[in-house]
Each structure stands twice: as C-alpha cells, then as structure tokens.
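Residue numbers for the sequence shown follow the numbering used here, so the first one is 644 and each next one is one higher. To start, the structure under review is shown below, and the notes come after it.
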Amino acid sequence: MFDRPERGERAILVRIGLGQAPDPDELAEFDALARSAGAIPVETVTGSRRVPEPRYFVGSGKAEEIRDRAEAAKAAIVLVDHELSPSQERNLEKLVGRRVLDRAGLILDIFASRARSAEGKLEVELAQLRHLSTRLVRGWTHLERQKGGIGLRGPGETQLETDRRLIGKRIRTLAAKLEKLAQRRDTGRQERKRVPVPGVALIGYTNAGKSTLFRALTGSDAYVADQLFATLDPTVRRLRLPHTPDIVVADTVGFVRDLPHELVAAFRSTLMEAREADLLLHVVDAADPERDQRISQVDALVESIGAGSIPQLRIFNKVDRLGRAPELVRDAAGQPSAVWLSAATGAGVGLLQGALQEIFGQAAMWLAVVLPPSQGRLRARLYEMRLVRAEEALEDGNARLVVESSPQELELLCREAGVEFGSAVSPCLPAPGFVEFKRDAASSAA
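In structure tokens:
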C-alpha cells in the first residue's frame, strides 16, 4: 500500500484525448488543480485513444512511458485527468510503482484542505469515504485469500470486510450529523421565508471571481485568492440598497468540469443556497478564452441540481483585463440581462447594484396601513422587516404606518395577522410633515 503523499510532492500529469488530441486549455486547468492541491508538476504525459483501455485506461505502452518518465523526473505521484476505475487505478499504481490519483481524488484532496466550517469538513469526509470505499482492495494485496483449502479465508479478506464495516458505519454517522445540520439550515431558510427577504446566490466556474464580487457587493471579509476552490463553505450576508427590500446574498462553491458525483451529493447545503434563491448571479470570467464552454458547463450543473428554472443575471467579471468599459445589458423587454464589470477594481459594481434595485424594487410602493392598538404584533413585524418609513398616531387611537412594500407581500402579512387587507391598506404618498425613518432608525425602533 502506498502512503498518502505529503503536500509539495513532484507530480506527473497525465491527460489522454479520447477520440481527439488533448485540449490544451483542459490540460492547463488540470495543472492549476494540481498546484492548488500543493503538488509540483514536473512532467506532462499526453496522448490520444479512441476508447479507454480496460486495464490501465491509457494503454500498456503509454503506462510504461509514464513509469519511465516518473523515474527520470523522480516524481512521487501520478495525477490522471480522468476518472479511473478502482482496478485501473490499482493496475497503474502497480506498474509505475507510485501512488496514482485520478481527477476525482485530486478534487477531493483540494476540498479536504480548504473546508473550514464543521459542516464543510463533514461533507468532505463523507465524500472521501464514499470514494475510498470502492478502492479498499488495493491496500491489502499482500493479505489476499489463501489457496488450497475449502472454506479457508485469508486475513486479507477478513481485514477488507472489517474496513468496509468501519467505513460504512462512519458514513452512516456522518450522514446523520449532516442531516441534523441540514435541518438547522432548513429552519433558517424557513425563517427567512417567514420574513420574506429576496435571495440571491452567486454561482460560476471556479476562480471566476465570485468571492471578490461578494466582498464588493456586501462588504464581507470573505476569503479571496487567485486559486481554484479558494472558498468552499457557503457564506450568507445581507445586502441593503436604497428603495429596495433587504436582499440575502449567498456565495457558493465554484463549479468545475467533471465535478465528482460524491461532492455534488455531499455539498447539498452549499448547492441548496442556489436552489432556494430568487435570482442567480452567474459570474463569468470575461477574459477566459473558454468562457462560452464554461457557461455551458455551469448551466448543465445548475440544471442537474434542480435550479435550472431560477432566473439568472449574467455577470461578466474581469473586464479590466479586456480593456472594456463596464456596461449594463438589457434584453428585448428592457430588463437587465447581463452586467460587464470588474469586481477587483469596483468598476461597474454600481451598475449591478442598480440592476438588483430594478429587479427587486420594481414591485415596491408606498402603502398606508391603519392598525388598532390590538395589532401590536403586526406593527412589530413590519418594523422587524424594516418596511416602515413613517408613523403617526390617529385621534381614534389607531396608528397609521407608511410602509414600502409590494401589495402581495403586505397582504400576506395582514392575512397572517387576521387584518382585512382591503379596508386597512391603501396606496399613498407620505403626508406633509411625515418624517421618513432611516433604515438604521427603523431597525433600532424594532
């Protein structure tokens, strides 16, 4: 059994084009993945095949070439930019005499080093164990079933069964813990639904600049780095814009081609932020020559997690690298459809804020609500949601509140409180002498 390599190991990169020559851009991305994991690529082996070879995936001749070049370069690990079957990974390891890691294993290794929250660490461990459970046999080839007797079982098979049971038990434990954490997140989402707040989720290919844009929009201290999968854990912040209800903005994990299924299944808490959003901000690296392909790959993954029907606003980031001016693009109906900006320099971020105001603020209007003293709960709820802009006491003891809200939202709140919407609410403008509350003042009044 080969020990897991330490970070900084010299690595051989392997990329085989199936039915065509290897794509240089995909090879460059794999190089970036290897470096993100802490490996030092020293050699690159490429080739073409019509179909994968069952034993080694790469073919016996190419496998021997990998072995020879790994020995010459004194590489300690071979990284293959494909998903290998357990037998292919085991056979290739045996031939080259070095640890072999396929694309899925490499991405799992990166996620393991980047997860920070307790939930993120549990999700990564669960994905790793599910991936490892199919590859246990390679570590116990020296303890295989003994030959010669009916019913004789060697210690290797016994050890494998023990490991499978232990891993299965750990998987069930992790799944139960994650289920409890998921219930807590669901409670938070239900609470946000109880106090209607628009939700926006940032999605996009990894290293497109989502976290940088997240910081520029919300002022959050989210971690930002020029590397793949710099941030994994979902981060949620509140965004306040003039004349617009408060918006909840979520930064999600970056997408990548051929993302392992184990991670898609495990990182449901992060992906759920996208599924529950009212709007997806699809961040695209405008300077990426493969941006159209990246857009298609992200759209396919969004569709696979059940978020394909959610409206998207396309954000073309890094326009400073193109020398292009920021721009707000509208569709045929005059609605915002794309924003060209630079999150790093801040150019065009104001255009995005204006687009969000237009999308979420267009249904808001000034409404007057007359409430009796017995409706203190509804009054407190309106302040809690920061909808109240002014208030005055009437001579009959009732309170007249001026709120900024959509009629649908206010009708729902009135119905929950048992207030007849038609008689208690009317469109209005602030009466002369009304002093509009600032948002901070309204918040403190609540």
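Glycine included, each C-beta is placed from N, C-alpha and C at the ideal position.
- The three-state secondary structure of residue 699, taken from DSSP, is coil.
- By the Cβ-count criterion, residue 768 is buried, with 16 or more other Cβ atoms from all chains shown falling within 10 Å of its own Cβ.
- The residue from 977, 986 and 943 with its alpha-carbon nearest to that of residue 964 is 986.
- Residue state for residue 744 is assigned as strand, using DSSP reduced to three classes.
- Residue state for residue 805 is assigned as helix, using DSSP reduced to three classes.
- Per DSSP, reduced to three states, the secondary structure at residue 880 is strand.
- Proximity to residue 878 across 885, 862, 688 and 887 peaks at 862, based on C-alpha coordinates.
- With the rule of 3 Cβ pairs closer than 8 Å, the region 1004 to 1021 does not count as touching the region 965 to 974.
- Nearest C-alpha to residue 666 among 682, 991, 815 and 689: 689.
- If you draw a straight line from the Cα of residue 672 to the Cα of residue 973, it is about 32 Å long.
- Inclusion of residue 663 and residue 697 in the CB contact set at 9 Å is not warranted, their separation being larger than that value.
- Of the other Cβ atoms in all chains shown, fewer than 16 fall within 10 Å of the Cβ of residue 970; this residue is therefore exposed.
- Beyond the five residues adjoining it in sequence on each side, residue 719 comes within less than 7 Å, by CB distance, of 648, 652, 653 and 741 in the same chain, given in chain order.
- Taking all protein chains in view, the Cβ of residue 885 is surrounded by fewer than 16 other Cβ atoms within 10 Å, so the residue is classified as exposed.
- Short of 6 Å from the beta carbon of residue 899, and not among the five residues preceding or following it, lie these beta carbons of its own chain, in chain order: 849.
- Counting along the chain, residue 1027 sits inside the alpha helix (DSSP H) bounded by residues 1019 to 1027.
- Annotation for residue 687: the continuous beta strand (DSSP E) segment containing it runs 683 to 692.
- Separation of residue 812 and residue 841 (C-alpha to C-alpha, rounded to the nearest whole angstrom) is 40 Å.
- For residue 1030 and residue 891, the gap between their C-alpha atoms comes out near 16 Å.
- For residue 959, the enclosing beta strand (DSSP E) stretches over residues 955 to 960.
- Looking at the backbone, the Cα of residue 674 and that of residue 825 are separated by about 34 Å.
- With respect to residue 926, residue 948 sits apart: the two C-beta atoms are not nearer than 9 Å.
- Counting every other CB atom within 10 Å of its CB across the protein chains shown gives residue 946 a total below 16, marking it as exposed.
- For residue 728 and residue 659, the gap between their C-alpha atoms comes out near 15 Å.
- Residue 1037 is not a Cβ neighbour of residue 960, given a cutoff of 9 Å.
- Here residue 846 is bridged, per DSSP, to 925.
- Residue 660 is bridged by DSSP to 691.
- Rounded to whole angstroms, the gap between the alpha carbons of residue 816 and residue 770 is 13 Å.
- Per DSSP, residue 987 lies in no alpha helix (DSSP H) and is assigned neither H nor E.
- Distance from the CA of residue 763 to the CA of residue 751, rounded to the nearest whole angstrom, comes to 12 Å.
- In the three-state scheme derived from DSSP, where H, G and I count as helix and E and B as strand, residue 894 is classed as strand.
- Between the alpha carbons of residue 717 and residue 930 lies a distance of about 36 Å.
- Between residue 711 and residue 746, the CB-CB gap reaches or exceeds 9 Å.
- Counting only residues of its own chain and dropping the five nearest sequence neighbours on each side, residue 776 has a CB closer than 8 Å to the CB of 807, 810, 811 and 814.
- With a beta-carbon spacing of about 12 Å, residue 1044 and residue 1056 fall beyond the 8 Å limit used to define contacts.
- Remark: C-beta atoms of residue 753 and residue 821 do not approach each other more closely than 9 Å.
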